[in-house]
Amino acid sequence: MADLPDRQAPLRAFVQALAAEPLDWRQKGFGALEGRLAARDLAEARLRLSDLGSPVMTLDAGAVTANLTAMAAWCTDRGVELAPHGKTTMAPALWLAQLDAGATAITVANAAQLRAAHAFGVRTLVVANQLVAPAELRWLAAARDADPALEVLHWVDSVAAVEQIDAALADGPPRRPLTVCVELGAPGGRTGSRTEAEVEAVADRVVASSVCVLAGVSGYEGAVVGAGGTPEGLEAVEGFLQRIATAYHQLAARFETPVVTLTAGGSAHFDAVADVLAPLAGEATGAGHRVAVVVRSGAYVVHDDVHYAQVTPSTRGGGPALRPAIHVWAQVLSRPEPGLVVLDAGKRDLPFDLDLPVPLAAVRRHPVGAPEPVEIGPATLTRLNDQHAYVDVQPTSELAVGDVVRLGLSHPCTAFDKWRALAVVPDTADADPAVVDVVHTFF
Numbered sequence: 226m227a228d229l230p231d232r233q234a235p236l237r238a239f240v241q242a243l244a245a246e247p248l249d250w251r252q253k254g255f256g257a258l259e260g261r262l263a264a265r266d267l268a269e270a271r272l273r274l275s276d277l278g279s280p281v282m283t284l285d286a287g288a289v290t291a292n293l294t295a296m297a298a299w300c301t302d303r304g305v306e307l308a309p310h311g312k313t314t315m316a317p318a319l320w321l322a323q324l325d326a327g328a329t330a331i332t333v334a335n336a337a338q339l340r341a342a343h344a345f346g347v348r349t350l351v352v353a354n355q356l357v358a359p360a361e362l363r364w365l366a367a368a369r370d371a372d373p374a375l376e377v378l379h380w381v382d383s384v385a386a387v388e389q390i391d392a393a394l395a396d397g398p399p400r401r402p403l404t405v406c407v408e409l410g411a412p413g414g415r416t417g418s419r420t421e422a423e424v425e426a427v428a429d430r431v432v433a434s435s436v437c438v439l440a441g442v443s444g445y446e447g448a449v450v451g452a453g454g455t456p457e458g459l460e461a462v463e464g465f466l467q468r469i470a471t472a473y474h475q476l477a478a479r480f481e482t483p484v485v486t487l488t489a490g491g492s493a494h495f496d497a498v499a500d501v502l503a504p505l506a507g508e509a510t511g512a513g514h515r516v517a518v519v520v521r522s523g524a525y526v527v528h529d530d531v532h533y534a535q536v537t538p539s540t541r542g543g544g545p546a547l548r549p550a551i552h553v554w555a556q557v558l559s560r561p562e563p564g565l566v567v568l569d570a571g572k573r574d575l576p577f578d579l580d581l582p583v584p585l586a587a588v589r590r591h592p593v594g595a596p597e598p599v600e601i602g603p604a605t606l607t608r609l610n611d612q613h614a615y616v617d618v619q620p621t622s623e624l625a626v627g628d629v630v631r632l633g634l635s636h637p638c639t640a641f642d643k644w645r646a647l648a649v650v651p652d653t654a655d656a657d658p659a660v661v662d663v664v665h666t667f668f
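Using the numbering used here, count along the sequence shown one by one with no gaps and you end on 668.
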């Protein structure tokens, strides 16, 4: 049998090119390297984390591999496909790892991210949003016409949105009509059609269009008012997903593509998506379509120590066990009071929109010899300035100026955007781990 073509070849080439770029002051935390090394040189150079600057964000390679494997197995077991949300990381190397592990597409959130993904070399994409800007719609149509391998699915939630597509492409209808899903929403939530009548009207307007085709039903259950980990929140999520199933049946005779996509599922409720929608996967009765149920969780690849650690489906017995893979290492600048430690990382370096970071461990580095663990004792990060973190400690804490604290993070989606490069280490449990690679981000 002939070797199959590498579908990720363009993305793989992009990632390999990044590995050759020198690391210097342009990447926060890597200024000490002064351009002497590139990511591909790091393992051979036997660099340690202590050779970099502070603060620095790390990616635990072992945890990432474990998460990729666990999520791929879970999706296979539940009969769903995975199109992870790339906005979480905007990191081509992690997207490539997700696709190599079995993901069928990458999801993005807007036109800017779509253009970036196309530049990286990704060729199967979901835009989990409305596209209404004429320039972006014309670019997308031209890109798809120029590249038969480029598949992009985006959403419409109103007749007006479909009319925007028609108007933008009226002067140059594409050879390949754009593929769209009708998006469902909920009262008080975000985008999305609110009623069954509106869903039907939007679908009819798509079918009447000569420049787009109806390809599925979409939604985001995390925007449902009241969604959360409580019994009432989970019930609200399940009710919303049932509406997606209802909309699929309602529109069954209107779909215009061989594969009908039903997609939902952020990082907190993808188990519910499988419970409600996975029974629809496969051949649609009497319609001749293959139904693909696609979850879009993005945070699973790195997980976290706070928010998703509390709400991930595994806490309910409904999802894979995941490990936190991202941390920021920050140095003690000052201990101006017995109960206060000030670190050199702040809002520019740490996510703070959902929860503040948590101190996990500390080490003391020496000019000669191995670093030694430092007993933090009870410690709470209480507030952030732009470049400083305030940590309340017991007066008996051993923390001193110069010690390095490893911080657990909350909400990966607002962690990666603060870093152009992450140091990849084999295991963050090591007091001074080797730096074996770099993951670049593009925000």
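Every residue gets a Cβ at the ideal spot worked out from N, C-alpha and C, and that includes glycine.
Would you mind working out which of the options sits nearest residue i, comparing C-alpha positions?
i	options	result
V431	G491, P402, V450, G447	P402
A618	V629, E463, G602	Per the sequence shown, residue 618 should be read as Val rather than Ala. Residue G602 is the option with its Cα nearest to V618.
E306	I469, A472, L505	L505
D231	F641, R348, G444, V519	R348
E463	S559, H494, V436	H494
A546	P373, K253, Q252, A297	A297
V436	F239, Y525, E388	E388
V557	I551, V527, E623	E623
P582	R608, P598, V599, E600	R608
G413	T404, R541, A452, A334	A452
G513	R541, T420, A478, K572	A478
Ignore the nearest five residues each way along the sequence and tell me which others in residue i's own chain have a CB closer than 6 Å to its CB.
i	result
H665	L243, A646
A656	V588, P596
A366	L394, P399
A351	Rather than Ala, the amino acid found at residue 351 in this sequence is Val. If we look at V351 and ignore the five residues flanking it on each side, its Cβ neighbours are A308, A330, T332, L378.
W554	V281, V629, R631
T314	F641
S443	W380, C406, E408, T488
A524	T313, S492, Y533, P637
G542	none
Roughly how many angstroms separate the alpha carbons of residue i and residue j, rounded to a whole number?
i	j	result
K643	L476	42 Å
C406	I331	16 Å
F480	D382	16 Å
R548	G278	25 Å
A295	P563	44 Å
V484	G327	18 Å
L565	P620	8 Å
H591	L606	25 Å
M226	A322	Confidence is the limiting factor: at M226 the pLDDT is only 43, short of 50, which leaves the residue's position unreliable, though a coordinate-based value still follows. M226 and A322: Cα-Cα distance of roughly 25 Å.
A648	C300	29 Å
L362	V498	30 Å
S559	L502	53 Å
S434	W250	51 Å
G260	A614	29 Å
V593	D569	23 Å
G454	P538	9 Å
G633	T283	11 Å
L466	G254	43 Å
Does DSSP put residue i in a helix, a strand or coil?
i	result
D540	Sequence inspection shows Thr at residue 540; the Asp mentioned does not correspond to that position. Correct three-state label for T540: helix.
T639	helix
A244	coil
S275	helix
W554	strand
T486	strand
M226	Because the pLDDT of M226 is 43, which lies under 50, any placement of that residue in the model is unreliable, and the number read from its coordinates should be weighed accordingly. Coil.
H514	coil
V660	coil
V519	strand
D655	coil
D285	strand
L362	helix
Q338	helix
H532	helix
E306	strand
Please work out which residues of its chain come closer than 8 Å, Cβ to Cβ, to residue i, disregarding the five sequence neighbours upstream and downstream, and give them in chain order.
i	result
V384	A426, V427, R430
P561	V567
V289	L319, A322, V526, V527, A550
Leaving out five residues on either side along the sequence, give the residues of the same chain with a beta carbon under 7 Å from the beta carbon of residue i.
i	result
A368	H343, L375
L579	H532, S635, H636
E508	R515
R468	L409
Q252	R645, A646
A470	V501, L502, L505
A270	L262
With DSSP as the reference, please indicate the residues paired to residue i in a beta bridge.
i	result
P598	V588
H379	V352, V405
S559	V567
G444	L409
Y615	V567, R608
S418	L409
Check whether the Cβ of residue i lies closer than 8 Å to any Cβ atom in chain B.
i	result
A428	In the structure shown, chain B does not exist; there is a single protein chain.
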